[in-house]
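Heads up: the structure comes next, in structure tokens.
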């Protein structure tokens, strides 16, 4: 069986390897931060979803949705347009009201970006365990049809979990079966 590796090989001593079978596509490889829990792995209509939770009492979560698009999206401009459209649902609820897109800093040929938002309804209020003040929404394009949608949930940019989530996102690999 021929395996084509579409990968980001960024390793850290604080990360442990995880591997998930992605039906009909291949394998998802991810380096998880120490003591993080894989709370959910689901193959759904939109793609393969993986939800990771920080260890208690820390408050952070990472949602990854791996997708194969029905048609290839070629060109960086078209991919960046899709990234910007991924912010549409968040913008009306955000303090920022617009997206300040930043790169994940991944090497070429991967295209990636994210923006951070503050939930305006939660500013200055107590939050339940499942509510987060801040979130980062982003995408990593592995090729013209395979991408991962990232959603990072947290309460403070200085939390160590934010760096851990960014490191996990940068460690992602999709190994396709051909």
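In my numbering, the protein residues as written are 1425 to 1602. Glycine included, each C-beta is placed from N, C-alpha and C at the ideal position.
Exercise. Going by alpha carbons, who is nearest to residue 1520 out of 1563, 1559, 1466 and 1597?
Worked result: Along the chain shown, one-based indexing puts residue 1520 at 96. Of the listed residues, the one whose Cα sits closest to residue 1520 is 1559.
For this session: Determine the direct distance from the alpha carbon of residue 1532 to that of residue 1544, and round the result to whole angstroms.
Result: The residue you call residue 1544 lines up with position 120 of the chain shown. The residue you call residue 1532 lines up with position 108 of the chain shown. Each residue's Cα considered, the two are about 35 Å apart.
Exercise. Do you know how far the Cα of residue 1462 is from the Cα of residue 1433?
Worked result: Here residue 1433 refers to the residue found at position 9 when the chain shown is read from its first residue. Here residue 1462 refers to the residue found at position 38 when the chain shown is read from its first residue. Reliability of the predicted coordinates at residue 1433 is poor, the pLDDT of 33 falling under 50, and the value obtained from them is presented with this limitation in mind. Cα-Cα distance, rounded: 21 Å.
Exercise. Are the CB atoms of residue 1592 and residue 1508 nearer to each other than 9 Å?
Worked result: Working through the chain shown from its first residue, we reach residue 1592 at position 168. Working through the chain shown from its first residue, we reach residue 1508 at position 84. Taking 9 Å as the Cβ cut-off, residue 1592 and residue 1508 do not qualify as a contacting pair.
For this session: Evaluate residue 1584 with the Cβ neighbour count: other Cβ atoms within 10 Å of its Cβ, from every protein chain shown; 16 or more gives buried, anything less gives exposed.
Result: Along the chain shown, read from residue 1 onward, the residue named residue 1584 stands at position 160. Counting Cβ neighbours within 10 Å, residue 1584 comes out exposed, since fewer than 16 surround it.
For this session: Report all residues from its chain with a CB closer than 7 Å to the CB of residue 1542; omit the five preceding and five following residues, and keep chain order.
Result: The residue labelled residue 1542 in the question sits at position 118 within the chain shown. If we look at residue 1542 and ignore the five residues flanking it on each side, its Cβ neighbours are 1518, 1519, 1520, 1557 and 1558.
Exercise. Taking 8 Å as the line, does the beta carbon of residue 1528 fall inside it for any heavy atom of the ligand MG?
Worked result: Of ligands this structure carries none, so the ligand MG is not represented either.
For this session: Mind the definition here: the stretch 1495-1503 touches the stretch 1468-1485 only if three or more C-beta pairs lie below 8 Å; say whether that holds.
Result: no
Exercise. If we count the other Cβ atoms within 10 Å of its Cβ and call it buried at 16 or more, is residue 1527 buried or exposed?
Worked result: On the chain shown, residue 1527 is found 103 positions in, with the first residue counted as 1. With fewer than 16 other Cβ atoms within 10 Å, it is exposed.
Exercise. Going by C-alpha distance, which of 1488, 1447, 1471 and 1577 is nearest residue 1596?
Worked result: Indexing the chain shown from 1 puts residue 1596 at position 172. With distances taken between Cα atoms, residue 1596 lies closest to 1488.
Problem set entry | Secondary structure of residue 1580, DSSP reduced to three states | Residue mapping note: residue 1580 aligns to position 156 of the chain shown, counting from 1. In the structure shown, residue 1580 sits in coil (DSSP, three-state: anything other than H, G, I, E or B).
Problem set entry | DSSP bridge partner residues for residue 1451 (one or two, in chain order) | If you number the chain shown from 1, residue 1451 lands on position 27. Paired residues: 1445 and 1599.
Exercise. Since residue 1440 sits in a beta bridge, which residues does DSSP pair it with?
Worked result: By one-based count along the chain shown, residue 1440 stands at place 16. DSSP output for residue 1440 lists 1456 as bridge partner(s).
Exercise. Should residue 1448 go down as buried or exposed, given a rule of 16 or more other Cβ atoms within 10 Å for buried?
Worked result: Numbered from its first residue, the chain shown carries residue 1448 at position 24. When all chains shown are included, residue 1448 counts as exposed.
Problem set entry | Span of the beta strand (DSSP E), counted from its first residue to its last, around residue 1505 | Residue numbering aside, residue 1505 sits at position 81 when the chain shown is read from its first letter. Residue 1505 -> not in any beta strand (DSSP E); alpha helix (DSSP H) instead, spanning 1500-1509.
Exercise. Span of the beta strand (DSSP E) holding residue 1472?
Worked result: Here residue 1472 corresponds to residue number 48 of the chain shown, with the count starting at 1. Segment 1472-1477, the beta strand (DSSP E) holding residue 1472.
Exercise. What is the rounded straight-line gap between the Cα of residue 1486 and the Cα of residue 1574?
Worked result: By 1-based counting over the chain shown, the position of residue 1486 is 62. By 1-based counting over the chain shown, the position of residue 1574 is 150. Roughly 7 Å between the two C-alpha positions.
Problem set entry | Identity of the residues DSSP links to residue 1539 by a beta bridge | In the chain shown, the residue the question calls residue 1539 occupies position 115. Answer is 1561, bridged to residue 1539.
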